[in-house]
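Each remark here refers to the structure printed beneath this line.
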Amino acid sequence: MTPIPNLNIVPFVSVDHMMKLVVKIGIETVLTDLAAYIEEDIKRWESFDKTPRIAAHSVDGVIELMPASDGSLYAFKYVNGHPKNTREGRQTVTAFGLLADVGTGYPTLLSEMTILTALRTAATSAVVAKYLAPKGADCMAVIGNGAQSEFQAIAFKALLGVKKLRLYDVDHAATEKCMRNLAGLGFDLVPCTTIEDAVQGAAIVTTATADKQNATILTDNMVGAGIHINAIGGDCPGKTELHRDILLRSDIFVEYTPQTRIEGEIQQLPKNHRVTELWQVMTGQAEGRKSARQITLFDSVGFAIEDFSALRYVRDQLQRTRLYQELDLLADPDDPRDLFGMIQRSTANLAVA
Ligand SMILES: NC(=O)c1ccc[n+]([C@@H]2O[C@H](COP(=O)([O-])OP(=O)(O)OC[C@H]3O[C@@H](n4cnc5c(N)ncnc54)[C@H](O)[C@@H]3O)[C@@H](O)[C@H]2O)c1
3 MTPIPNLNIV PFVSVDHMMK LVVKIGIETV LTDLAAYIEE DIKRWESFDK
53 TPRIAAHSVD GVIELMPASD GSLYAFKYVN GHPKNTREGR QTVTAFGLLA
103 DVGTGYPTLL SEMTILTALR TAATSAVVAK YLAPKGADCM AVIGNGAQSE
153 FQAIAFKALL GVKKLRLYDV DHAATEKCMR NLAGLGFDLV PCTTIEDAVQ
203 GAAIVTTATA DKQNATILTD NMVGAGIHIN AIGGDCPGKT ELHRDILLRS
253 DIFVEYTPQT RIEGEIQQLP KNHRVTELWQ VMTGQAEGRK SARQITLFDS
303 VGFAIEDFSA LRYVRDQLQR TRLYQELDLL ADPDDPRDLF GMIQRSTANL
353 AVA
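So the sequence shown is numbered by the working numbering: it starts at 3 and just counts up by one.
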């Protein structure tokens, strides 16, 4: 579907429009529909051009470019990760991205992706948990109650029916914020004072902490048989959340192995340690959860196809919602070869005016 007939005008979804889109459609519906787009694209994994993201590391963080194409559409996301930012009143993660038509090379959508990344990360986590979490799981521990946390909670409620949340953050103010934001949304919320307490009785443990180091958020003794770990915070070289022993006891599922070996929890393991890619599970070529006592681990780092799907989803909402601005992004001379003449004519027009 091409929502905008004039190819030279590029629709732009601002932060304001993205918020209105979420409110208009409803966040649970957005997350459910987004999860369906992501699942559909992951299932056609082999039709995508894939590459690990291109990362520029610095002392304080990372800036990354994430491209993907299915031969018909091309997408990329610009995203950063700077854990110290929140101390200065800024986001840890911000992003924007673009969708383009492979046939012409013309951009067809430019969008904010800070909110969209939180939505797509949560939708991915939840759709993956459909394949890996124990049947009937209704209680989740959320360790790290920052920007991603509410999105994760709502996605797990929408897709799996998880209603009991056990919340922990090293900064109690973050847990209070999370409790406030989720109040009245149908959750049974329990604030916890330690991680040991938070994981009690949880069938799913989500770790979403931000720290630029090899942290040990979960130690081996905290992880009982049969749980599903949704580890989203370890997503950079030298930035992990789980003790290595947990990895050795788990069946590990990843998005795109070449990227996760560099960035995920498995950077702690030998390069030949066995992992299963999600597309194999989603297409029935590999098993997800096999037994009630198995520990499954989604070693999430975030992959470009999830952003491709998210941009595709937003594009498909434009005609219905009209929540975008028209950007004069592409030069459009009457004669395509007369780019210079277009400037001359514009200066002549300016002189007249
Ligand atoms: N896998 C993905 O696709 C993906 C996508 C987006 C973000 N992320 C990552 O998820 C993490 C969370 O992102 P965010 O935007 O919510 O960050 P944020 O800075 O808003 O929140 C992180 C929270 O973790 C808490 N924290 C830090 N150390 C902790 C510890 N030892 N124990 C408990 N809590 C601790 C902080 O107090 C903070 O509240 C980041 O590391 C980010 O890079 C991953």
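Every residue gets a Cβ at the ideal spot worked out from N, C-alpha and C, and that includes glycine.
Selection Phe50, Ser151 and Gly188 evaluated against Val207 yields Ser151 as nearest (Cα-Cα). Within the same chain, Leu280, Trp281, Met284 and Ile307 come within 7 Å of Ile44 by CB-CB distance, once the 5 residues on both sides are set aside. The three-state secondary structure of Gly146, taken from DSSP, is coil. Around the CB of Met344, fewer than 16 other CB atoms lie within 10 Å, so the residue is classed as exposed. Boundaries of the beta strand (DSSP E) harbouring Ile219: Asn216 to Leu220, taken from the DSSP string.
Per the coordinates, the alpha-carbon of Asp334 lies some 8 Å from the alpha-carbon of Leu341. At least one heavy atom of ligand 1 is found less than 6 Å from the C-beta of Asp213.
For Asp253, the secondary structure class from DSSP, reduced to helix, strand or coil, is strand.
Of the candidates Gln346, Gly105, Leu299 and Pro85, Leu299 places its Cα closest to the Cα of Asp253.
Remark: the C-beta of Ser302 is in contact range of ligand 1, defined as less than 6 Å to any heavy atom. With respect to the C-alpha of Glu265, the residue from Gln287, Gly304 and Gly228 having the closest C-alpha is Gly304. With a cutoff of 6 Å, Gln154 does not count as near ligand 1, since its C-beta is closer than that to no heavy atom of the ligand. Pairing Phe158 with Leu169, the inter-Cα distance amounts to about 14 Å.
Look at the segment 265-296 and you find these whole runs of alpha helix (DSSP H), each 4 residues long or longer: 280-284. In the three-state reduction of the DSSP assignment, Asp43 falls in the helix class, which pools H, G and I.
As DSSP reads the structure, Asp51 sits in a beta bridge with Ser71.
Counting along the chain, the unbroken beta strand (DSSP E) around Phe300 starts and ends at Thr298 to Asp301. With a cutoff of 7 Å on beta-carbon distance, Leu23 and Thr259 are scored as not near each other.
Bounds of any beta strand (DSSP E) do not take in Tyr326, whose DSSP letter is neither H nor E. In the structure shown, Val15 falls within a strand segment according to DSSP collapsed to helix, strand and coil. For Ala176, the shortest C-beta to heavy atom distance toward ligand 1 is below 6 Å. Following the DSSP letters along the chain, one finds Arg168 inside the beta strand (DSSP E) bounded by residues Lys166 to Tyr170.
If you compare the alpha carbons of Thr34, Glu48, Val61 and Tyr39 with that of Gln215, the shortest gap goes to Val61.
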